[in-house]
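Structure below.
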């Protein structure tokens, strides 16, 4: 995954740039109202600026796709990236535990489980081989619901004739467990897929159809609260290790500031996201706890998928159960 063709001059130039400026590759529009990950990046960047560091936000897509961003982080060309969790999972699949359906009641529950299991230390031992560090998991928004173009959904049975966009094989397995079907579609192709009927919907936070201008063809959102959509904040290990003690302390403090800011935003965003959908003409199916329980029970086969070992899955369940 690493690039091997840098000249000495390029490396020196890179080091000079890295010491002068912290580039943050964004994953969404710079919108503090609808994007949890931008709330994280904004608070993080401002905290660094207050500590005397220069910061530059890189617009979504301006430094390449997910694989290209990871390459740039691992080679030190890019200091900070808000990336897909899959970027980390390709190095250490253990991180996929955060995407198990209904594994966490809320983000505070996730934070407690991660701390109890010392998950960041475990993940970063493996990421070190790629010269990268996982600094944080930034909530993209409220819990994921079922987003569809035509059919309203209140139970897995309602999805029997729907084909859903999936993130990975585990999500395909979940749709199959619900009696539906899934197909992996890159995010950039989702709008066309929804409009042509290639897919009938997807799982995500309620702000996403609004943020990406999809409310002309997305018409339903069911509050199934399946998973918490997250972005992995990964940074260049060579950059982080090369910081002075004061600057490294400033980065660590900025992470704490950004985590707190995002979680404060999230506390209000759950209802705001549903209201934003309704204002755009999307019908919201507010599911009861009993209705969500049907989805939760139907999702259990995903825990036996092959994305993680049985031992790792059992550990995530243990961390979840012991830290509720």
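Numbering (mature numbering (1 follows the signal peptide of the UniProt record, and there is no 0)), first residue to last: -20 to -1, 1 to 304.
The beta-carbon is built from N, C-alpha and C at its ideal position, and this holds for glycine as well.
Beta-bridge partners of residue i, as assigned by DSSP
i	result
residue 265	202
residue 38	5
residue 216	112
residue 144	162 and 181
residue 210	119
Nearest-angstrom Cβ-Cβ length linking residue i and residue j, presumed shorter than 8 Å
i	j	result
residue 24	residue 125	That belief does not hold up - the Cβ atoms of residue 24 and residue 125 are roughly 27 Å apart, past 8 Å.
residue 196	residue 144	Actually they are not in contact, since the Cβ atoms of residue 196 and residue 144 sit about 19 Å apart, beyond 8 Å.
residue 189	residue 262	7 Å
residue 8	residue 18	5 Å
residue 211	residue 120	6 Å
residue 216	residue 111	7 Å
residue 48	residue 2	In fact, because the Cβ distance is near 19 Å, the residues do not count as touching under 8 Å.
residue 253	residue 192	So it is not a contact: roughly 13 Å between Cβ atoms.
residue 198	residue 129	6 Å
residue 206	residue 81	5 Å
residue 93	residue 303	5 Å
residue 83	residue 300	5 Å
residue 60	residue 213	7 Å
residue 176	residue 266	With 8 Å as the limit, residue 176 and residue 266 do not qualify as a contact, their Cβ atoms being about 29 Å apart.
Cβ neighbours of residue i in the same chain (closer than 7 Å, five flanking residues each side left out)
i	result
residue 103	68, 72, 74, 75 and 114
residue -7	Residue placement at residue -7 cannot be trusted, given a pLDDT of 43 that sits under 50; what the coordinates show is reported in the next sentence. If we look at residue -7 and ignore the five residues flanking it on each side, its Cβ neighbours are 56 and 57.
residue 178	none
residue 184	124, 127 and 209
residue 146	152, 155, 162, 163 and 164
residue 6	18, 21, 37, 38, 39, 40 and 62
residue 239	116
residue 29	35
residue 282	80, 81, 150, 153, 154 and 157
residue 65	75, 78, 79, 210 and 212
residue 244	none
residue 345	Residue 345 lies beyond the stretch modelled for the chain, which goes from -20 to 304, so this question has no answer here.
residue 10	18 and 37
residue 89	303 and 304
residue 140	159 and 160
Nonlocal neighbours in the same chain, by C-beta distance under 6 Å from residue i, ignoring five residues either side
i	result
residue 135	274
residue 97	299
residue 237	23 and 27
residue 234	24, 27 and 28
residue 297	none
8 Å Cβ shell around residue i - same chain, five flanking residues per side excluded
i	result
residue 246	16, 87, 119, 121 and 122
residue 258	264
residue 295	77 and 97
residue 4	21, 24, 25, 35, 36, 37, 38, 59, 60, 61 and 62
residue 292	73, 74 and 77
residue 137	159
Below-7 Å beta-carbon distance, residue i vs any chain C residue
i	result
residue 189	Among the chains in the structure shown there is no chain C, since it carries only a single protein chain.
Jot down the residue ranges of each uninterrupted beta strand (DSSP E) in the region 93 to 139, minimum 3 residues, whole runs only, in chain order. 112 to 119 and 125 to 128
So, does the region 73 to 81 touch the region 27 to 46, judging by three or more C-beta pairs under 8 Å? no
Sequence ranges, beta strand (DSSP E) only - wholly within the region 42 to 79, length at least 3: 60 to 63
Check whether the region 49 to 57 touches the region 265 to 283, counting contact only when three or more Cβ pairs, one atom from each stretch, lie closer than 8 Å. no
Is it the case that the region 284 to 296 contacts the region 223 to 232, given that we only count it when at least three CB pairs across the two stretches are under 8 Å? no
Pairs of beta-carbons, one from the region 275 to 286 and one from the region 150 to 159, closer than 8 Å: are there three or more? yes
Which ranges would you report for the beta strand (DSSP E) in the region 227 to 297 if only whole runs of at least 3 residues count? 263 to 265
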